[in-house]
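One structure is given here, and the rest of the page talks about it.
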């Protein structure tokens, strides 16, 4: 489980095709200055990479991390079109008993979305407008939670498959949301509780 509170953002070092899947290589991240823990990971750990729960398959001597991506992952996430240099967000699995600052995030991406507009606001923040893929619009609830590329955000004024989110300057600076341009694709995970309620009705 994750919280949607990003610990670091890095640029993809390598993306190599392997049969029907791929291997993703990321450099060692630099944690935020006030992070309470060093970046301590091992082979087999789960990391949310732009919202997708991936398993560390190999660690390099320089701290780089390698992940094996299945065809399912490539088909259901934006990693099918990911290239060297693309920015991705990182979050380690939550520790039981720690504060849940965002919301409950499984790391199981439901589909994708696209940035349709970006409006800068006077305090250095921005309003980002998105459109989600077909079928995900039913999870867009005013003031509900949504995970975009691993970032826990609040839905504002959903209309059909479109909505917006308000990003403070800190979020733009510490995640890849600050570098998104119109047309950029993102991973979307709908609110976990909402999906369970829908399934159990």
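Numbering (the numbering used here), first residue to last: 2 to 202. Think of the CB as a built atom: it goes at the ideal place given N, C-alpha and C, for glycine as much as any other residue.
Residue i in three-state terms, based on DSSP
i           : result
residue 151 : coil
residue 172 : helix
residue 187 : strand
residue 200 : helix
residue 24  : strand
residue 179 : helix
residue 84  : coil
residue 75  : helix
residue 137 : coil
Residues bridged to residue i [DSSP beta-bridge criterion]
i           : result
residue 130 : 118, 165
residue 57  : 68
residue 146 : 155
residue 3   : 106
residue 113 : 188
residue 160 : 163
Under 7 Å between C-beta atoms of residue i and residue j
i           : j           : result
residue 128 : residue 165 : yes
residue 50  : residue 13  : no
residue 42  : residue 30  : no
residue 195 : residue 106 : no
residue 188 : residue 53  : yes
residue 58  : residue 76  : no
residue 116 : residue 175 : no
residue 132 : residue 163 : yes
residue 161 : residue 190 : no
residue 170 : residue 125 : yes
Residue i, enclosing beta strand (DSSP E) - first and last residue
i          : result
residue 18 : 15-19
residue 47 : 47-50
residue 9  : 9-12
residue 88 : 88-93
Any chain C beta carbon closer than 7 Å to residue i
i           : result
residue 158 : The chain labelled as chain C is not found in the depicted structure, where only one protein chain is given.
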